[in-house]
Amino acid sequence: MKSVYGKFTWPEIKAVDKNRVVLLPVGAMEDHGPHLPLDTDNLIVTRLAEAVVDSIPCETLLLPTLPFGFNEHHKDFPGVIYIQPETLLHFVCDITRSLAHHGFRRILILNGHGSNHPVLDLAARKTVIETECICVSASYWNLMADTLKAERRSRTGGMAHAGELETAIYLYFDPQHVQLDKARTNIVHDEDNRYLCLDLAGGAKAMVMQWWSAQTADGTMGDPTVADADKGKIFFDAAVRETVGLIKEIRQIEINPRRDHH
Ligand SMILES: [Zn+2]
């Protein structure tokens with residue numbers, strides 16, 4: 000069953016089941032410490048979306064990954080391509096409006112980069128207001144928080160940015176582009192930070208917004224030194240499993256008409 004959106008002809012996409020969930024992966028191009036490449040978020044979210052679609056091809060359609068995100072607060076590190084949040088919001092909504100115009104009704108925006116999250120939540124909300132679609136926004140690490148807590152080697156604060164999680168998954172897919180000898184532990188927030196602990200396995204209760212370069216010398220926030228490819232496979236498989244589970248739920252949602260109570 001074909002599931003890569005761009006591989007359909009227009010008569011084929013016209014005829015396709017409009018209850019398939021259209022996946023839009025969104026990544027970023029930015030510093031990931033001295034040990035990981037700039038494309039870390041793109042590699043992870045793209046491989047994840049591909050694996051999800053491969054496992055349930057009849058229920059999904061895969062769009063290309065948006066490779067740039069909202070990350071101007073990282074721009075002190077060379078290489079960052081930063082998109083204004085308003086631009087990203089409008090761009091994503093143009094994509095979802097296009098899908099709605101062609102009759103699709105179920106969209107999943109799958110996020111691979113932390114600070115895209117609130118922008119993509121807004122995009123999903125705007126999509127629902129402006130179209131007849133239901134639209135879900137999800138950051139993959141939130142879906143798999145149970146596995147992260149159960150399987151992690153790093154202490155709290157060890158998985159925030161370029162830490163254990165991202166390093167392990169990159170090692171699993173493309174070890175020759177990981178320079179583990181340059182990886183350093185940099186725990187910025189730990190369990191002593193009751194409210195501001197930025198860790199992907201649970202999330203901060205409140206977000207402190209600071210320039211990235213003011214918080215970390217080499218761009219790392221977490222502990223990449225404990226990462227390995229075997230753990231990367233465990234993390235990745237959990238991300239696939241949980242994203243498939245989310246899609247199954249999205250497929251079950253009844254799309255009811257609005258009722259204006261004025
Ligand atoms: Zn990242």
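Numbering that gives the first Met the number 0 puts the first residue of the sequence shown at 0, with every later residue one more than the last. Beta carbons: idealized from backbone N, C-alpha and C, even for Gly. For clarity, every value in this text was computed on a predicted model and none was experimentally measured.
Between proline 63 and valine 118, the beta carbon gap of about 18 angstroms keeps them out of contact (Cβ cut-off 8 angstroms). Taking a cut-off of 8 angstroms for Cβ pairs, the region 189 to 201 and the region 46 to 53 do not touch, as fewer than three such pairs fall below it. In this structure, DSSP gives leucine 62 a state outside helix and strand, which the three-state scheme calls coil.
The C-alpha of glycine 231 lies about 21 angstroms from the C-alpha of methionine 28. With a contact defined as Cβ atoms closer than 8 angstroms, isoleucine 43 and glutamate 150 miss out at about 16 angstroms. Between ligand 1 and the CB of histidine 112, the shortest heavy atom gap is smaller than 7 angstroms. Take serine 114, set aside five residues on each side of it, and the residues of its chain with a beta-carbon closer than 6 angstroms to its own are Phe69 and Asn70, in chain order. Annotation note: the region 187 to 261 contains the following uninterrupted alpha helix (DSSP H) runs of length 4 or greater, listed N- to C-terminal: 228 to 251.
Under the three-state reduction of DSSP output, histidine 101 falls in the coil class, being neither helix nor strand.
Checking the DSSP bridge columns, you'll see tyrosine 81 partnered with Gly68. For valine 52, the enclosing alpha helix (DSSP H) begins and ends at 39 to 54. Going by DSSP, alanine 182 is part of no beta strand (DSSP E) at all; its letter is neither H nor E. Boundaries of the alpha helix (DSSP H) around alanine 167: 163 to 172.
Non-local C-beta neighbours of histidine 188 in its own chain, meaning closer than 6 angstroms and more than five positions away in sequence, comprise Gly156, Leu195, Cys196 and Leu197, ordered along the chain. Alanine 228 and tryptophan 9 have their C-alpha atoms some 41 angstroms from each other. In this structure, DSSP gives valine 127 a helical state, which the three-state scheme calls helix.
Boundaries of the alpha helix (DSSP H) harbouring leucine 142: 139 to 142, taken from the DSSP string. If you look at alanine 27, you'll find it isn't in any alpha helix (DSSP H); DSSP assigns it neither H nor E. The shortest CA-to-CA distance from valine 25 to any of Met158, Ile249, Lys148 and Ala122 is the one to Ala122. Per DSSP, the continuous beta strand (DSSP E) segment holding methionine 158 begins and ends at 158 to 160.
In the displayed model, asparagine 18 falls within coil according to three-state DSSP, outside both helix and strand. Contact between threonine 219 and glycine 78 does not hold, since the beta-carbon distance rounds to 15 angstroms and is not under 8 angstroms.
By the Cβ rule, the region 104 to 111 counts as touching the region 128 to 144, because three or more pairs are nearer than 8 angstroms. By the criterion of a C-beta distance shorter than 7 angstroms, proline 223 is surrounded in its chain by Gly32, His34, Ala161, Gly162, Glu163, Thr166 and Ala182, once the five residues flanking it on both sides are discounted.
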